[in-house]
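Colleague:
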Amino acid sequence: MFKFGKNDEVNQEDFSTHQLIDELERIYEMNANYGTSGDAYLQGNNEIEIMINKILELKNSQVREQFLLNSDLIEFVTQMDYVKDMVDHIAIQKESMEEVAASSEEMSHAIEEVANHVQTSLNTTREAVSISTNSLETISESFKYINKSFEEMNIAQDKMHNVAENTKEIDAVVNIINEVAERTNLLALNASIEAARSGDAGRGFAVVAKEIKKLAESTKNSANYIKDMVKKLRDEIGVSEQAITEAVHVFSTGKEHLDQAVLSMDKMEVSLDGINSVFESITANVEEQSATTQEVTARLSEINHQTQMLSDICMKTGQGIYTISTMAENLRNTALPYFKDFRGNQRLKPIAAEHLLWKWKAYNAVCGFVKLDEDCLGDHTTCTLGKHLEYTKQSNPRDEMVVKMYEPHKKVHALSKEIIRAVNRGNRSNIASYLRELDEATVELMKGLK
Numbered sequence: 001m002f003k004f005g006k007n008d009e010v011n012q013e014d015f016s017t018h019q020l021i022d023e024l025e026r027i028y029e030m031n032a033n034y035g036t037s038g039d040a041y042l043q044g045n046n047e048i049e050i051m052i053n054k055i056l057e058l059k060n061s062q063v064r065e066q067f068l069l070n071s072d073l074i075e076f077v078t079q080m081d082y083v084k085d086m087v088d089h090i091a092i093q094k095e096s097m098e099e100v101a102a103s104s105e106e107m108s109h110a111i112e113e114v115a116n117h118v119q120t121s122l123n124t125t126r127e128a129v130s131i132s133t134n135s136l137e138t139i140s141e142s143f144k145y146i147n148k149s150f151e152e153m154n155i156a157q158d159k160m161h162n163v164a165e166n167t168k169e170i171d172a173v174v175n176i177i178n179e180v181a182e183r184t185n186l187l188a189l190n191a192s193i194e195a196a197r198s199g200d201a202g203r204g205f206a207v208v209a210k211e212i213k214k215l216a217e218s219t220k221n222s223a224n225y226i227k228d229m230v231k232k233l234r235d236e237i238g239v240s241e242q243a244i245t246e247a248v249h250v251f252s253t254g255k256e257h258l259d260q261a262v263l264s265m266d267k268m269e270v271s272l273d274g275i276n277s278v279f280e281s282i283t284a285n286v287e288e289q290s291a292t293t294q295e296v297t298a299r300l301s302e303i304n305h306q307t308q309m310l311s312d313i314c315m316k317t318g319q320g321i322y323t324i325s326t327m328a329e330n331l332r333n334t335a336l337p338y339f340k341d342f343r344g345n346q347r348l349k350p351i352a353a354e355h356l357l358w359k360w361k362a363y364n365a366v367c368g369f370v371k372l373d374e375d376c377l378g379d380h381t382t383c384t385l386g387k388h389l390e391y392t393k394q395s396n397p398r399d400e401m402v403v404k405m406y407e408p409h410k411k412v413h414a415l416s417k418e419i420i421r422a423v424n425r426g427n428r429s430n431i432a433s434y435l436r437e438l439d440e441a442t443v444e445l446m447k448g449l450k
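Per full-length UniProt numbering, the very first residue in the sequence shown carries number 1; after that it's consecutive.
1. Which of the three DSSP states is assigned to Gln19 in this structure?
2. Would you list, in sequence order, the uninterrupted beta strand (DSSP E) runs of no fewer than 3 residues that lie entirely inside the stretch 137-161?
3. Please go through the same chain and pick out, in chain order, the residues whose beta-carbon is closer than 8 Å to the beta-carbon of Glu241, but skip the five residues on each side of it.
4. Roughly how many whole angstroms lie between the Cα atoms of Lys359 and Thr442?
5. Is there a Cβ from chain D that is less than 8 Å from the Cβ of Ala91?
6. Here's the rule I'm using: 16 or more other beta-carbon atoms within 10 Å means buried, otherwise exposed. How should Gly204 be labelled?
7. What number of angstroms, rounded off, separates the C-alpha of Glu98 from the C-alpha of Glu105?
8. Distance check for Leu20 and Glu47, CA to CA, integer angstroms please.
9. What three-state label does DSSP hand Cys376 in the structure shown?
10. Among the residues of its own chain, which have a CB less than 6 Å from the CB of Thr219, if the five just before and after it don't count?
11. Check Met80 in the structure and name its three-state DSSP category.
12. Taking the alpha helix (DSSP H) that residue 451 falls in, what are its first and last residues?
13. Around the Cβ of Glu329, are there at least 16 other Cβ atoms within 10 angstroms (buried) or fewer (exposed)?
14. Once the 5 residues before and after Leu272 are set aside, which same chain residues still bring their CB inside 6 Å of it?
15. Please work out which residues of its chain come closer than 6 Å, Cβ to Cβ, to Pro408, disregarding the five sequence neighbours upstream and downstream, and give them in chain order.
16. Going by CA-CA distance only, name the one from Glu295, Asp85, Asp235 and Ser140 that's closest to Ala432.
17. Report yes or no: do three or more beta-carbon pairs, one from the stretch 63-78 and one from the stretch 320-329, lie closer than 8 Å?
18. Quick check on the burial criterion: 16 or more other C-beta atoms within 10 angstroms. Buried or exposed for Ile27?
19. Under three-state DSSP, which class holds Val270?
20. Output the distance between the C-alpha atoms of Val270 and Leu263, rounded to the nearest integer angstrom.
21. For the alpha helix (DSSP H) that Gly386 lies in, which residues bound it at each end?
22. Buried or exposed, going by whether 16 or more other CB atoms sit within 10 Å of the CB of Cys314?
23. Which one of Lys450, Thr17 and Lys267 has the shortest CA to CA distance from Ile351?
24. Please state if the CB of Val114 and the CB of Cys367 are separated by a distance shorter than 8 Å.
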C-alpha cells in the first residue's frame, strides 16, 4: 500500500511537470511568433506557476516600459518638425547672403571703377586747370599789350592833334610871307615907276626892281603852294585824327569789356582752383569709400562662407535627427510584434507613433533628408487604426471614435502620400498648404487618440 501510494504521488508530480512544460512551450510559441495571440501567462495556480507568472509579468512590464519609452522618443522626435523651418530659414538666409555677397562684390567693382574714373577726371581737371592757368596768364599778357597799344594810340592822337595845330602856325607864317611878297611887289612897282621917271639914269635900277618883282611873285606863288599843301595836309591829318579818335573810342569800349573779361577770368581762376579742390576731396572720399566697401565685401564674403557652413551643419543636423528617428522606428518595428501585454490606453501609443512617423517622413522628404515612394505609405484602411475604424464605422457609424478620428485619420494618410508624390515630381507649389493641412489633421487625430 505504502509503495503504491508513493508511486501515485510520483506519477502525479510527473504529470504536473509535463503540464507545466506544455504551458511554457505555449507561452514560448506565442511570444516567438508575430501573429499569435492569447494569454501570455500560465494558467495554473501552484507556487511554481505563480512565481513564473510573476517573472513573466516583471519581464513584460520591463519590456513594455522600454517600448513605451521608445514610443515617447518617437513622439518627441517627430514633433521636431520645426527642423524644416530651420532648414527653410537657413536656405533663405543662405540665398540672401549669396545675393548680398554678389551685390557687394558688384558694388565694390562699381565703386572701384568710379574711383578710377574720378582719378582720371581729377588728372584731366588738373591738366585743364594748368592749361587754363597758362591761358589766363597768356591772355593777361595780351591784355597788357592791348592796354599799352591803347596808351600808344592816345599818344598818337595827341601828336596828330599837335601836328594839326602846328599846321595852323605854318598858315600864319605863309600869310606873313604873302604879305611880305605883296609889299615887296608893291615896292618893286614903285621902284619901276621911279626908274621910268629917271630915264637912262634909272635903267639899272629898273632892272633890279624887275627882278625883285619876279622874286616877290615867285615867293608869293611858293607861299600859296605851301599854303595849299599845308591845307591838304591839315585835311588829311583831320581825317586821320578822326579815324584815330574813332579807333580810340572803339579801343576804349573794348578796354572796358577787356577789364570785365579780366575780372571774369580772375573769378574763373578761383573757380578752377575750387573745382580742383572739390575733385581732390571727391577722390579722397571715393578712395575711402572704396576701401570701406572692399572691407565690407570681405566681411560679407566671410559671413557668406560661415552661412554656407551653417547651412551644411543644419542639413547634417536635420539628417542626423532623421537617422535617429529611423533607428527608433526600426527598434519599434522589431519589438512591436512581441509586445502582447498592453494595458488600457497604452495600446494607443504605438498607433499614435505610427501616424506621427508618417507625418515626420513627409516633412523629411520635403527637406530632402530621405527619398520615399508614395506606395510605402498605406491608405487609411490598411493600418491597425484604419481597420478598427472601418469595422466600427460599419457596425456603428455614429460611434464617438469614428466621428472624431475617421476624417482626420483619412487626411493624414492622403496628405502624406500627396506630399511625397509632389516632392518626387518636383512640383512644390502646393507643398506648403499640404503641410499645413497635414499638421491640422494630425493634431485632430492625436486629440482623438488621447
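We put the beta carbon where it would ideally sit given N, CA and C, even for glycine.
Modeller: On the basis of the coordinates in this document:
1. As a first step, residue 19 is located in the sequence shown; it is residue number 19 there, counting from the start. Helix at Gln19.
2. Segments of the beta strand (DSSP E) lying fully in the stretch 137-161: there are none.
3. Translated into the one-based positions of the sequence shown, residue 241 becomes position 241. Taken in chain order, the residues that qualify are Gln157, Met160, His161 and Ala164.
4. What you label residue 359 is simply residue 359 of the sequence shown in a count that begins at 1. What you label residue 442 is simply residue 442 of the sequence shown in a count that begins at 1. Near 8 Å, if we compare the C-alpha coordinates of Thr442 and Lys359.
5. No chain D is present in this structure, which holds just one protein chain.
6. What you label residue 204 is simply residue 204 of the sequence shown in a count that begins at 1. It counts as exposed.
7. Locating residue 98 in the sequence shown gives position 98, counting from the first residue. Locating residue 105 in the sequence shown gives position 105, counting from the first residue. The straight-line gap separating the alpha-carbon atoms of Glu98 and Glu105 is approximately 10 Å.
8. Working through the sequence shown from its first residue, we reach residue 47 at position 47. Working through the sequence shown from its first residue, we reach residue 20 at position 20. Rounded to the nearest whole angstrom, the CA to CA distance from Glu47 to Leu20 is 12 Å.
9. Within the sequence shown, the letter at position 376 stands for residue 376. Cys376 falls in the helix class under three-state DSSP.
10. Translated into positions along the sequence shown, residue 219 becomes position 219. Ala181, listed in sequence order.
11. For the purposes of this step, residue 80 is identified with residue 80 of the sequence shown, where counting begins at 1. Note: Met80 maps to coil in three-state DSSP.
12. Coverage of the chain is limited to positions 1 through 450, which leaves residue 451 absent and any answer about it impossible.
13. Walking along the sequence shown from the start, residue 329 turns up at place 329. Glu329 is buried by the Cβ-count criterion.
14. As a first step, residue 272 is located in the sequence shown; it is residue number 272 there, counting from the start. Around Leu272: Val129 and Ser132.
15. Here residue 408 refers to the residue found at position 408 when the sequence shown is read from its first residue. By the criterion of a C-beta distance shorter than 6 Å, Pro408 is surrounded in its chain by Ala441, Glu444 and Leu445, once the five residues flanking it on both sides are discounted.
16. In the sequence shown, counting from the first residue as 1, residue 432 sits at position 432. Out of Glu295, Asp85, Asp235 and Ser140, Asp85 has the C-alpha closest to the C-alpha of Ala432.
17. Result yes; three or more Cβ-Cβ pairs closer than 8 Å.
18. Taking the sequence shown and counting its residues from 1, one reaches residue 27 at position 27. Buried, because 16 or more other Cβ atoms sit within 10 Å of the Cβ of Ile27.
19. For the purposes of this step, residue 270 is taken as the residue at position 270 of the sequence shown. In this structure, DSSP gives Val270 a helical state, which the three-state scheme calls helix.
20. Taking the first residue of the sequence shown as position 1, residue 270 is located at position 270. Taking the first residue of the sequence shown as position 1, residue 263 is located at position 263. So the alpha carbons of these two residues sit roughly 11 Å apart.
21. The count along the sequence shown starts at 1 and reaches residue 386 at position 386. Annotation for Gly386: the continuous alpha helix (DSSP H) segment containing it runs Thr384 to Ser395.
22. Position 314 of the sequence shown, counted from the start, is the residue given in the question as residue 314. Cys314 is buried by the Cβ-count criterion.
23. Start at 1 with the first residue of the sequence shown, and residue 351 comes out as number 351. In terms of CA proximity to Ile351, Lys450 leads the group Lys450, Thr17 and Lys267.
24. In the sequence shown, counting from the first residue as 1, residue 367 sits at position 367. In the sequence shown, counting from the first residue as 1, residue 114 sits at position 114. At least 8 Å separates the beta-carbon of Cys367 from that of Val114.
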